[in-house]
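A quick write-up on the structure given underneath.
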Amino acid sequence: MEEFYNPKTNDIKVPHTLVDYIDFYIDYRQHEMKSTSVKKYTTIKHKLERLQLHRKKVILINEVDESFKKEFETYLKSEQYSQNTLQREFKFIKSFCMKLNI
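Position one of the sequence shown corresponds to residue 3 (our numbering), numbered consecutively onward.
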């Protein structure tokens, strides 16, 4: 009876860094996603990993704000990405954060 009223919850540990969260999300939702989505998320993750190496600091999920957006755009421009790519990639990053209700 106790378990009925107080069921055990799955203690899923959600990562605090953006790159780790993308891996977590892909693993957690892989059975629901198309392979093209997994590929797109992985591509964004690689760009974020390169940005982390460039800035010599990990990207925390709670740091994703307007300031981060400008830093991300500046970095991608320096890597010769188009404006459309910048906007599209950041839209995906925002969607990850929205899934966490940040």
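Glycine included, every Cβ here is placed at the ideal spot set by N, Cα and C. Since we're looking at a predicted model, the values are computed, not measured.
Check                                                                                                                       : Outcome
Per-residue burial, Val66 [other beta carbons within 10 Å of its own, 16 or more giving buried]                             : buried
His18 and Ile63 closer than 8 Å at C-beta                                                                                   : yes
Identified DSSP bridge partners for Thr45                                                                                   : None, per the DSSP bridge assignment.
Assumed close pair Leu53, Phe74 - CB separation to whole angstroms, cut-off 8 Å                                             : 6 Å
Beta-bridge partners of Lys62, as assigned by DSSP                                                                          : Position check: residue 62 holds Leu in this sequence, whereas Lys was assumed. In the DSSP output, where bridge partners are listed per residue, Leu62 has Thr19.
Residue span of the alpha helix (DSSP H) that contains Gln89, given as start and end                                        : Gln85 to Lys101
Chain-order list of residues whose beta-carbon lies under 6 Å from that of Glu91 (same chain, five-residue window excluded) : Ile46
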